[in-house]
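One structure is given below, encoded as structure tokens.
In the UniProt record's numbering, the protein residues as written are 1 to 151.
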């Protein structure tokens with residue numbers, strides 16, 4: 001790839017994140033989790049696919065679940081520094097209460113910067129993917145370059 005044409009302020013002409021995709025052992029179990037825990041809605045998936053899966057949508061983002069029954073996921077601790085997806089919430093106390101009511105194990109973390117504080121909760125989906133819920137809007141987005149941020 002010729003990188004000489006890539007400049008600091010000329011990224012691909014993107015406008016939003018469309019979806020994330022996860023391999024899962026059971027589409028049924030994962031759909032139930034994403035609907036009941038995170039509030040996603042099951043949506044129509046193209047009929048041309050010849051493999052089990054499901055599409056869900058909410059909060060302006062899609063989640064595509066692809067069934068792969070042979071995947072083996074090792075049980076591991078919940079780690080805030082693991083790869084994860086993050087959702088913002090209005091009330092972290094209510095989120096903690098709901099997670100406890102649903103019997104979902106979670107760990108917490110706090111990020112502080114210049115008097116601003118973000119509360120985070122991390123937990124796993126049925127396949128061990130890490131989910132974060134936070135009040136991340138408490139820390140302002142401050143660009144570190146002169147390139148414009150597309151909001």
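A virtual CB, placed ideally from N, CA and C, is assigned to each residue, including glycine. Predicted model only: the values in this text are computed from it and were never measured.
The closest CA to that of residue 61, considering only 34, 53 and 101, is found on 34. Unbroken beta strand (DSSP E) stretches of 3 residues or longer found wholly inside the UniProt domain "VOC" (16-136): 19-24, 41-43, 53-58, 61-67, 84-88, 107-113, 116-124 and 130-134, given in chain order. Residue 20 is positioned such that its CB atom lies no closer than 7 Å to that of residue 71.
Separation of the CB atoms of residue 118 and residue 110 is rounded to 7 Å, and the pair is thereby assigned contact status at 8 Å. Setting aside the 5 residues that flank it on each side, residue 93 has no residue in the same chain whose C-beta is closer than 7 Å to its C-beta. The C-alpha of residue 145 lies about 38 Å from the C-alpha of residue 24. In this structure, the beta-carbon distance from residue 87 to residue 43 does not fall below 7 Å.
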